[in-house]
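A.B. asks:
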Amino acid sequence: MSDRALRAGVAVIALAGVAVAGYLTYVHYRPGALICTSGGGCETVQESSYAELFGVPVALFGLGAYLLVLALVVWDSEVARNLAAAVAVAGLTFAGYLVVLQAFVIDAWCVWCLVNDLAIVPALTALTVVRAMPPDDDQVIGT
Amino acid sequence: MPHVKQTAPPAPGSGRRNLVLAAGAAVLVVAAVVVASLAFRGGDDDASAPTTTTPGGAGALFDGIPQERALLGSPDAPVTLILFEDLQCPICKQFAEEGLPGIVEEYVRPGKVRLRFAGLAFIGPDSEKALLHVVAAGAQGKLWQLTDRLYVHQGGENEGWVTDDLLGRLAGELGLDHAKLATDADGQAVLQQANAMATEAEQREVPGTPWFYVQVGDDEPYEVRPGSFAIDEFREILDDALAG
Chain A
1 MSDRALRAGV AVIALAGVAV AGYLTYVHYR PGALICTSGG GCETVQESSY
51 AELFGVPVAL FGLGAYLLVL ALVVWDSEVA RNLAAAVAVA GLTFAGYLVV
101 LQAFVIDAWC VWCLVNDLAI VPALTALTVV RAMPPDDDQV IGT
Chain B
1 MPHVKQTAPP APGSGRRNLV LAAGAAVLVV AAVVVASLAF RGGDDDASAP
51 TTTTPGGAGA LFDGIPQERA LLGSPDAPVT LILFEDLQCP ICKQFAEEGL
101 PGIVEEYVRP GKVRLRFAGL AFIGPDSEKA LLHVVAAGAQ GKLWQLTDRL
151 YVHQGGENEG WVTDDLLGRL AGELGLDHAK LATDADGQAV LQQANAMATE
201 AEQREVPGTP WFYVQVGDDE PYEVRPGSFA IDEFREILDD ALAG
């Protein structure tokens, strides 16, 4: 896959992340936008004390991370590619922690959180890491 | 001859090493943040120490306000606010704590607005048992008080928290005839009322709870969506209905 395609892929997935994290941030601050449905426990997860880190909604951290990745995609240098991959790996680590919390501590599942934790973050991590990997250092030096 | 500035070629493997270092540092930062947040985490999600949602103790918010089954407020109130709720819904509990007291004091007690409780039981068995009992409490003029107390003691979804023991204790606190409450909750009349609420929700395509409608006089109710449970949001909605 060309770097151009990878770059576009990272941008699209980061935008999807902005949408999901933005929605979850919105409902955190606007509880009137949140309702209980027969489908799942978003409300339980969002109401949990684990929904905040040091008083800041975790969704807001996610929103910031996605915006940072988007900015790094625009910057587009070797440093930016490495930083984007590092941010995504950090996000993947945190997403794993959130999934464990939902499964074993809060004992409820939030569908939008799972979309983020199990689909968007892993996809973003895969693309940013592949993009940051140099083709082959030895070959580059040898030419 | 022009001098060409030359840069040293990167050391073999330095690109991958930088990536691994950056990713490793990122993981360590996240781990440190998570550990620190857990260490300094204040409150918990334990609902074992219930507090009243209403100032003044058990159901005091509704003292002196006329009740007729699911209706709270003066029959002459020009506007009715219809509340679709599930007694297991934590957002409904949040509304009961943050939104309802202001609405009752500012609009219901002065006779400007009447509230109509429309209970649903889509979350599970505890919802159903709780709903049948609050509807039964309506026959004793205390549907709103029992609803309030059940929110105070709300447990996890379908964990079996709506026990006979809890209902008996709440009935005692509220001065309800517990034997009649239990009998009525198992009766056909209460079941029909609960089913009528579910049917209305289905007809209105209520997507979840809490969900709100406003009815002006005998007009067809219309859906309203407050952005939060702050009284300002409801002031806008209710003042508009009262003016219209």
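If you read the sequences in order, they're chains A and B. Under my numbering, residues 1 to 143 are what the first sequence spells out, in order. Under my numbering, residues 1 to 244 are what the second sequence spells out, in order. For every residue, glycine included, the Cβ atom is placed at its ideal position computed from N, Cα and C. Keep in mind that this is a model prediction, so the values were computed, not measured.
At least one CB of chain A closer than 8 Å to the CB of D44 (chain B): is that the case?
C.D. replies: For D44 (chain B), the predicted model reports a pLDDT of 46, less than 50, meaning its position is unreliable; a value from the coordinates is still stated below. Yes, because at least one Cβ of chain A sits closer than 8 Å to the Cβ of D44 (chain B).
A.B. asks: When burial is assigned at 16 or more other CB atoms within 10 Å of the CB, is Y29 (chain A) buried or exposed?
C.D. replies: Exposed, since its Cβ has fewer than 16 Cβ neighbours within 10 Å.
A.B. asks: Using the Cα positions of V130 (chain A) and A85 (chain A), report the straight-line distance between them to the nearest angstrom.
C.D. replies: C-alpha separation (whole angstroms): 9 Å.
A.B. asks: If contact is defined by three or more beta carbon pairs under 8 Å, each pair taking one atom from either stretch, is the stretch 58-66 of chain A in contact with the stretch 82-102 of chain A?
C.D. replies: A contact exists between the stretch 82-102 of chain A and the stretch 58-66 of chain A.
A.B. asks: F104 (chain A) touches chain B at which residues, Cβ-Cβ below 8 Å?
C.D. replies: Near F104 (chain A) there are no residues of chain B at all, since even the closest Cβ is about 13 Å away, more than 8 Å.
A.B. asks: Anything in chain B within Cβ reach of Y97 (chain A), meaning under 9 Å, just list it in chain order.
C.D. replies: Residues of chain B passing the Cβ test: V30, A31, V34.
A.B. asks: Enumerate, from N- to C-terminal direction, the unbroken alpha helix (DSSP H) stretches of 4 or more residues contained entirely within the stretch 123-192 of chain B.
C.D. replies: Listed in chain order, the complete alpha helix (DSSP H) runs (minimum 4 residues) inside the stretch 123-192 of chain B are 125-138, 143-152, 164-174, 178-185.
A.B. asks: For V12 (chain A) and V20 (chain B), I'd like the C-alpha separation in whole angstroms.
C.D. replies: Going from the Cα of V12 (chain A) to the Cα of V20 (chain B) covers about 24 Å.
A.B. asks: Exposed or buried, V30 (chain B), counting other C-beta atoms within 10 Å across all chains shown (16 or more means buried)?
C.D. replies: Buried, by the Cβ-count rule.
A.B. asks: Express the C-alpha separation of F212 (chain B) and F229 (chain B) in angstroms, rounding to a whole number.
C.D. replies: So the two alpha carbons sit approximately 11 Å from each other.
A.B. asks: Is DSSP giving D232 (chain B) helix, strand or coil here?
C.D. replies: Reduced to three states, the DSSP call for D232 (chain B) is helix.
A.B. asks: Do the CB positions of F88 (chain A) and V69 (chain A) come within less than 8 Å of each other?
C.D. replies: A quick correction: the sequence has Ala, not Phe, at residue 88 (chain A). Going by C-beta atoms, A88 (chain A) is nearer than 8 Å to V69 (chain A).
A.B. asks: For V224 (chain B), write down the residues that DSSP places opposite it in a beta bridge.
C.D. replies: Per DSSP, B:F212.
A.B. asks: Short of 6 Å in beta carbon distance, which residues of its chain neighbour G111 (chain B), apart from the five on each side in sequence? Order them along the chain.
C.D. replies: Excluding positions up to five away in sequence, the list reads S74, A77.
A.B. asks: Kindly list, in the order they appear in chain A, the residues whose Cβ is closer than 7 Å to that of D86 (chain B).
C.D. replies: Near D86 (chain B) (Cβ distances below 7 Å), the residues of chain A are C36.
A.B. asks: If you measure between the beta carbons of Q140 (chain B) and D165 (chain B), is that distance less than 8 Å?
C.D. replies: No, the pair does not count as a contact, with Cβ atoms beyond the cut-off.
A.B. asks: Looking only at DSSP bridge pairs, what is E52 (chain A) linked to?
C.D. replies: Its beta-bridge partners are A:P57.
A.B. asks: Roughly how many angstroms lie between the CA atoms of V74 (chain A) and S2 (chain A), to the nearest whole one?
C.D. replies: Going from the Cα of V74 (chain A) to the Cα of S2 (chain A) covers about 17 Å.
A.B. asks: Using a Cβ-Cβ distance cut-off of 8 Å, determine whether A23 (chain B) contacts chain A.
C.D. replies: It does; some Cβ of chain A falls within 8 Å.
A.B. asks: Could you give the DSSP three-state label for C110 (chain A): helix, strand or coil?
C.D. replies: Three-state result, C110 (chain A): coil.
A.B. asks: Using 8 Å for Cβ pairs, my map puts D86 (chain B) next to T209 (chain B). What's the rounded Cβ distance?
C.D. replies: Correct: roughly 5 Å between the Cβ atoms.
A.B. asks: Hey, A70 (chain B) and F40 (chain B): beta-carbon distance below 8 Å or not?
C.D. replies: For A70 (chain B) and F40 (chain B), no; Cβs fall outside 8 Å.
A.B. asks: Compute the Euclidean distance between the alpha carbons of S48 (chain A) and F54 (chain A), then round it to the nearest angstrom.
C.D. replies: Straight-line Cα distance between these residues: approximately 14 Å.
A.B. asks: Pull up the CB-CB distance for V162 (chain B) and F84 (chain B), whole angstroms please, since I reckon it's below 8 Å.
C.D. replies: 19 Å between Cβ atoms; not a contact.
A.B. asks: Between the alpha carbons of R254 (chain B) and E157 (chain B), how many angstroms are there, rounded?
C.D. replies: Since the first residue of chain B shown is 1 and the last is 244, residue 254 (chain B) is not available in this structure.
A.B. asks: Put G73 (chain B) into one of helix, strand or coil per three-state DSSP.
C.D. replies: G73 (chain B): coil per DSSP, three-state reduction.
A.B. asks: What does P207 (chain B) reach in chain A if we use C-beta pairs closer than 7 Å?
C.D. replies: Result: I35, T37.
A.B. asks: Please determine, among A:L72, A:V10, A:Y26, A:Y66, the residue with the shortest C-alpha to C-alpha distance to A51 (chain A).
C.D. replies: Selected option, being the one with the closest Cα: A:Y26.
A.B. asks: Quickly, what does DSSP pair E68 (chain B) with across the bridge? List them, please.
C.D. replies: In DSSP, E68 (chain B) forms a bridge with B:L71.
A.B. asks: In chain E, which residues lie with their C-beta within 8 Å of the C-beta of V27 (chain B)?
C.D. replies: The chain labelled as chain E is not found among the protein chains of the depicted structure, namely A and B.
A.B. asks: What does A118 (chain B) pair with, by DSSP beta-bridge criteria?
C.D. replies: BP columns for A118 (chain B) point to B:F84.
A.B. asks: Tell me whether the beta-carbon of L67 (chain A) lies closer than 8 Å to the beta-carbon of V105 (chain A).
C.D. replies: Not closer than 8 Å, so no.
A.B. asks: Starting from F95 (chain B), trace the alpha helix (DSSP H) both ways and give me its first and last residue.
C.D. replies: Run containing F95 (chain B): 90-98, per the alpha helix (DSSP H) assignment.
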